[in-house]
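Written below as structure tokens is the structure these notes are about.
There are 4 protein chains.
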Amino acid sequence: MLPPTGTIPVAILGPTGYTGLELIEILARHPRLRTTYLASARGNAPRIDAEFPRLAGLLDHATAQCRPIDHDAIASACKLAFLCLPHEAAMQHAPALLARGVKVIDLSAAYRLKDPHTYQQHYGHPHTDLAGLAHAVYGLPELFRSHITSATLVANPGCYPTAAAIALHPLLKAGLIEPTGIIVNAASGASGAGRDAKPHLTLVEAGDNYSTYAIGTHRHQPEIIQTLDLNHSQPASHANATAASQVPPLLFVPHLLPVERGILETMYARPTSLDADTPRLMAALRHAYASEPLVVVRDDAPNLRDVQKTCRVHVNARLIAGTVVVVAAIDNLIKGASGQAVQNANIMLGLPELAGLV
Amino acid sequence: MLPPTGTIPVAILGPTGYTGLELIEILARHPRLRTTYLASARGNAPRIDAEFPRLAGLLDHATAQCRPIDHDAIASACKLAFLCLPHEAAMQHAPALLARGVKVIDLSAAYRLKDPHTYQQHYGHPHTDLAGLAHAVYGLPELFRSHITSATLVANPGCYPTAAAIALHPLLKAGLIEPTGIIVNAASGASGAGRDAKPHLTLVEAGDNYSTYAIGTHRHQPEIIQTLDLNHSQPASHANATAASQVPPLLFVPHLLPVERGILETMYARPTSLDADTPRLMAALRHAYASEPLVVVRDDAPNLRDVQKTCRVHVNARLIAGTVVVVAAIDNLIKGASGQAVQNANIMLGLPELAGLV
Amino acid sequence: MLPPTGTIPVAILGPTGYTGLELIEILARHPRLRTTYLASARGNAPRIDAEFPRLAGLLDHATAQCRPIDHDAIASACKLAFLCLPHEAAMQHAPALLARGVKVIDLSAAYRLKDPHTYQQHYGHPHTDLAGLAHAVYGLPELFRSHITSATLVANPGCYPTAAAIALHPLLKAGLIEPTGIIVNAASGASGAGRDAKPHLTLVEAGDNYSTYAIGTHRHQPEIIQTLDLNHSQPASHANATAASQVPPLLFVPHLLPVERGILETMYARPTSLDADTPRLMAALRHAYASEPLVVVRDDAPNLRDVQKTCRVHVNARLIAGTVVVVAAIDNLIKGASGQAVQNANIMLGLPELAGLV
Amino acid sequence: MLPPTGTIPVAILGPTGYTGLELIEILARHPRLRTTYLASARGNAPRIDAEFPRLAGLLDHATAQCRPIDHDAIASACKLAFLCLPHEAAMQHAPALLARGVKVIDLSAAYRLKDPHTYQQHYGHPHTDLAGLAHAVYGLPELFRSHITSATLVANPGCYPTAAAIALHPLLKAGLIEPTGIIVNAASGASGAGRDAKPHLTLVEAGDNYSTYAIGTHRHQPEIIQTLDLNHSQPASHANATAASQVPPLLFVPHLLPVERGILETMYARPTSLDADTPRLMAALRHAYASEPLVVVRDDAPNLRDVQKTCRVHVNARLIAGTVVVVAAIDNLIKGASGQAVQNANIMLGLPELAGLV
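Chains as they are written, first to last, in the working numbering: chain X, 28 to 385; chain R, 28 to 385; chain Y, 28 to 385; chain P, 28 to 385.
Structure below.
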């Protein structure tokens, strides 16, 4: 289909945020994909190297000038588009691009939650592209690679859910941990909150600080539950109880770290039996990811430095004090966003999956 | 007993660490206590203002010169001594000072764990002052004030246990949370690891980083369990089971934050019933600490900035997703160490409890 | 005049910024001054402990509620007011309070530059209180203490000028450095930029970063020049030259550091002769500040940690490579703002100068 | 000479420091160079992915095991070696490798200063490879590219000198600034101090801090002076004066920043005439670097974020207050060390100069 060599032009819609910046830098190292069209919704479209001086010289002079979001122009110039837009805007532009034959990878949350009611409940507005939602593929290659190959619309996973799903999926599948009562105690660098200047994100407020937020109410909680298929594994005694319907099978508690990038999740689960010891937990992880180049299963707990500026997931599990403790780390902007988006693009376009990502 | 005005001379043994530095600064603002004797075990005793230039001018010229640890000299000069020494050294010097009539507040872990076998198991060496251990009082004023008043030897609590015990004690006492299966997910600034330069504590390694360590094996885990009296509240079905004896009622999982100071603990517990809702949890905390000036019970979760450089504890609790989530924050060097030591000194000497601490 | 004991009520106008927060915390430790009136220009005046949760319990419940800026109410309640307002607002409220007998310490720049044309040139709006400007006293106690004693309106110095003036004044006065061609290379923590969330001040942008700004155009450059009286010391050959009038005698180059607080200034000057060696430079500093408790003259260069959370200035000077290099450090929020304001208040009210500041 | 495709095996001696880590990561993205031999002087040679867990999976299993420094084995396996060793060790191993036909890029300071007496004066030990020193080429491609092409031994420049030389060279060459009285006020992230845990480099001491060190005595001062050929441009009135010989033409004043990586240098020089205005300064920079892809000449001052994790130099110059102010930024580990080393390797091996560096 695609020629074995030569460059493939791609577009980025919404390049002035941190995921856009990261995409541009990753694609500059990519052997085949070339950023050709930067599309900004701003009235006065900026030059991207004025917006981010570190990009000076990375794109040719004309490409660095952002242009309007013109579906026809994008479609005539590009095979694939990365959407780094607000959720509502993504639902507007994705179908228009798909209709013009452009494959779409959406980095917003617009196409992640399969149930539009769940979406509306957590994002506060109705879903406006149910057709797209129906055929969108959740782009977590380590779990759903086969579906991504033929996808035209990929929902790029959230940063927190990427780490949690990769870490917990093998343990659930192997029946080593209970599918209820899971706690995901997570911590993220501030780039996860986006580029807008908010009072609690200034250096004075967020530096030298550490805080928890959205305890049990974060939008990534239903995304993790969906990806791990936990609602379907609720015990029967709960399934038909009204009260129980208010008790989700997993509690997600994020914290804000005084760093730019990186996510570390410390997860707690109940073992299904006394057999769920550390060797069995580790074996399940190693077996699941034996052929996955981006997942590092290790004997000790990872930290942020181990994964920052990489597209890898590091994961460790142990049984201690009767509790299964799983620790996973990723770079929220790379494996948690733009790197995984390029991984998905590579799969969708039949390129080597790690192209541009080492 | 003590004259109503006038200064009371105190000594600091081991002033060249971070708890020593913090003590000197707190005492410089104290209306009654005066640092009179700095005793260092170093062969070549340093000037404290050469060791910490920020102390220049805070002590008179002669006092700033550290002297040897001379029990008689200390006893003739001081009413009370703060021990900022390694555990083994504390066990050696505390009885010698007590025998000379000097009250002792020990900031090491030497006198915290009442059971010497537990101590040896977790600290790796036998306890050498069983007599002292027998009458030492655990210096957490909000829980054990009446015992501190008449104490001559106070074991100043660990930093992590201070926050956990203050946060969880009222909820356990009120019967709102189960005394087993508690998880204390904690994070601390690097000053908690002391002043020695260790490879993982350099700015390059620890800055912009976040890691977990000593999962379920940290020495503060038995201290928290003892302070909350959790072993005695084990259900009968566990009490006589060998296997269960290996399952502690509380799992403590610390993390290292890329900040100098501050502890935030995010704690998870099972409610004893559906009645243990947020209002009841908060009411139990408010009732317990209605008269405690250093405990702030608040409706939202605290963060590090709320408590850094203060002697206060901020605490919040809620029921969410069927789980009780309690968040507490302290400054590890102040309420978690030197500030609480001064609070204990004030109580032991009959001074206003908050003198020097506002 | 003032009774020897008892508390003196003071007001803070504009308490919701970082200098207001710092003032409240310093005054809470002050033996005589008591914060009695918090006046905010916001339409919906906040509770200060909602604005800054770390203040919980530090003020009585009623005082913590901010009130409107009511000159009569402030005058009936307070002896002295600290103005932490924008420059224009300060010029509006200072005369109204002075007219009602309230002493005023203004932490804005409104009354710092004696020449209203210079003020307008650098601050972009005309000065609207020339009478106040005429009798305002520049509140740098180490240089102008005698004028502060009887002042009713004190212009609290800028943060950068405080460090530069204290460091350079003795060397200029002793004739050891040339009064032209001075370079003040300064670096400040981000709290100096205020509490507003600006894009370049977020943790992601300002953390792990370091940048220079306003090279040679910062408003503090004329303030330093005025305080050191450098324009009057221009050599005759320059004084009547038009071109030379465009060459200021001192170049101020600030940098933004990825820390909350602290200023370090590295200053370069030409020695007047070969006699201006390191011992003579240090002797001039030691002689000037022999009786100043807040100035520490030291043999090595200070750093931020030496002064953070203190009201002290640390300073060092040397001759190297034919250049006089002077290094000074302060805490920008304390000696550079609120601490110095309290020092000025103590002087104006006849209290011990260091009350509340140790 | 070299085949147009295919991989070229290279060795890294001393891979367990930060420049070694950075080299391994850069080479993992390089299309032609492949890390084949990691040689460590440690008695118990570690696995590099145990030393740096973030390298897991980046090298094949056998290569990740460090081996002894065996000259014959290295020569039989590799065309080129990067030396990330202490200065003395570099002088020992470089000639042995060169004798075996291995090209050498030395990242230590061993071969930077051409005069062995100057070397001994600043590094405290005699130079032991005068033959190597005589033919070593200073590897700053933007200034000395033609010499690097045929070099077998390249002295990779120091981090601070790289930024200073690139920024100042065109202005000196164009005769716009005086070759004396230059001040280089520099600031670097802590990775520049290496990986050893030293007391002043811990997170608690160096975080939230900023300090100056080695004022006028840093080893990079003579390296900058040599690279800019400043000693030869001393005015005649100085050249024969003993006293003046102690006044170097350039004063280098480094500062330590609380960040991992990045160097920003703020440089001050006297213009040679009133014609040396901002447009002429900028024109000289733009002219010099019009064809240099790694040098970005820009209208505003750069900051660390603009260059971190890139191999680029950003530079800006202006005339203000009668002074030429030049600001340059690099990543100290990349353009200031390992990235420039790969740039040199590319040149020496006839590869595209930017291979692996975008």
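All C-beta atoms, glycine included, are put in the ideal place defined by N, C-alpha and C.
*asked:* Let me check you understand the geometry: is the CB of P/Leu331 closer than 8 Å to at least one non-hydrogen atom of the ligand ADP?
replied: Within the structure as shown, the ligand ADP is missing, as the structure has no ligands at all.
*Of all the beta strand (DSSP E) runs that stay within the bounds of the region 262-325 of chain R, which reach a length of 3 or more residues?*
277-283, 290-296 and 322-324
_Judging by CA-CA distance, which residue of X/Ala241, X/Pro197 and X/Leu40 is the nearest neighbour of X/Thr254?_
X/Pro197
*Taking Y/Leu408 and Y/Ala233 to be in contact with their CB atoms under 8 Å, please state how far apart those CB atoms are, rounded to whole angstroms.*
Residue 408 of chain Y lies beyond the stretch modelled for chain Y, which goes from 28 to 385, so this question has no answer here.
*Candidates P/Val231, P/His227, P/Pro206 and P/Gln248: closest to P/Ala213 by CA position*: P/Gln248
*So, is the C-beta of R/Pro73 closer than 9 Å to a C-beta in chain P?*
no
*Indicate whether at least one CB of chain P lies closer than 9 Å to the CB of X/Pro262.*
Its pLDDT being 49, under 50, X/Pro262 is placed unreliably by the model, and nothing is read from it.
*asked:* Buried or exposed for P/Asn373, going by 16 or more other Cβ atoms inside 10 Å?
replied: buried
*Quick one: any contact between the region 54-63 of chain P and the region 121-131 of chain P, if contact means 3 or more CB pairs under 8 Å?*
no
*Tell me whether P/Leu65 sits in a helix, a strand or coil according to DSSP, three-state version.*
strand
*Nearest-angstrom Cα distance between X/Ala36 and X/Leu360?*
At residue 36 of chain X the sequence reads Pro, which differs from the Ala that was named. In a straight line, the C-alpha of X/Pro36 is about 22 Å away from that of X/Leu360.
*What residues in its chain sit with their C-beta under 7 Å from that of R/Ala368, if we drop five residues either side in the sequence?*
Leu50, Phe109, Ile132, Leu134 and Asn183
*Measure the CB-CB distance between Y/Leu277 and Y/Leu308 and report whether it falls below 9 Å.*
no
*Taking only beta-carbon positions, decide if X/Val154 is within less than 9 Å of chain R.*
Per the sequence shown, the amino acid found at residue 154 of chain X is His instead of Val. False, the Cβ-Cβ gap to chain R never drops below 9 Å.
*What are the uninterrupted segments assigned as beta strand (DSSP E) that are 3 or more residues long and contained completely in the region 72-153 of chain R, given in chain order?*
107-110 and 130-133
*asked:* Can you check whether the C-beta of R/Asp333 is within less than 9 Å of a C-beta belonging to chain P?
replied: no
_Selected residue, minimal CA-CA separation from Y/Val342, among Y/Val334, Y/Ala348 and Y/Gly349_ = Y/Val334
*Nearest-angstrom Cα distance between Y/Tyr45 and P/Thr305?*
37 Å
*Quick one: residues in its chain with C-beta nearer than 8 Å to the C-beta of R/Gly327, no 5 flanking neighbours on either side, listed in chain order?*
The sequence shown places Asp at residue 327 of chain R, not Gly. Asn343, listed in sequence order.
*asked:* Taking the alpha helix (DSSP H) that P/Ile204 belongs to, which residues open and close that run?
replied: Note, P/Ile204: premise wrong, no alpha helix (DSSP H); not H, not E.
_Does the structure place the region 143-155 of chain X close enough to the region 297-304 of chain X that three or more beta carbon pairs sit under 8 Å?_
no
*asked:* Can you confirm whether R/Tyr165, when its beta carbon is compared against all beta carbons of chain X, has any partner nearer than 9 Å?
replied: no
*Using the Cα positions of R/Ala163 and R/Ala137, report the straight-line distance between them to the nearest angstrom.*
10 Å
*Whose C-beta lies closer than 7 Å to the C-beta of P/Arg288 among residues of the same chain, with five residues either side of it excluded?*
Gly216, Ser218, Gln335, Asp358, Asn359 and Leu360
*asked:* Below 8 Å on C-beta distance, what does R/Tyr45 contact in chain X?
replied: Under the 8 Å cutoff, chain X gives no residues; its nearest Cβ is about 16 Å from R/Tyr45.
*Report, in whole angstroms, the separation of the C-beta atoms of R/Leu48 and P/Leu228, which I expect to be a contact under 8 Å.*
In fact, because the Cβ distance is near 18 Å, the residues do not count as touching under 8 Å.
*Exposed or buried, P/Asp76, counting other C-beta atoms within 10 Å across all chains shown (16 or more means buried)?*
buried
_Within 10 Å of its beta-carbon, does Y/Leu67 have 16 or more other beta-carbons around it, so buried, or fewer, so exposed?_
Checking the sequence shown, residue 67 of chain Y turns out to be Ser, not Leu. With 16 or more Cβ atoms within 10 Å of its Cβ, Y/Ser67 is classed as buried.
*Measure from the alpha carbon of Y/Ile204 to the alpha carbon of each residue in Y/Val353, Y/Leu40, Y/Leu378 and Y/Pro320, then state which is nearest.*
Y/Val353
*To the nearest angstrom, how far is it from the Cα of X/Leu378 to the Cα of R/Val351?*
48 Å
*asked:* Could you pull the DSSP bridge partners for R/Ala213 from this structure?
replied: R/Pro281 and R/Glu292
*For Y/Asp97, is the classification buried or exposed, using 16 other Cβ atoms within 10 angstroms of its Cβ as the cut-off for buried?*
exposed
*Just by C-beta distance, which residues in the region 36-70 of chain R are closer than 9 Å to chain P?*
Tyr45
*Quick one: is R/Arg69 buried, meaning 16 or more other Cβ sit within 10 Å of its Cβ, or exposed?*
exposed
*Taking only beta-carbon positions, decide if Y/Leu257 is within less than 9 Å of chain P.*
no
_Buried or exposed, going by whether 16 or more other CB atoms sit within 10 Å of the CB of R/Gln273?_
exposed
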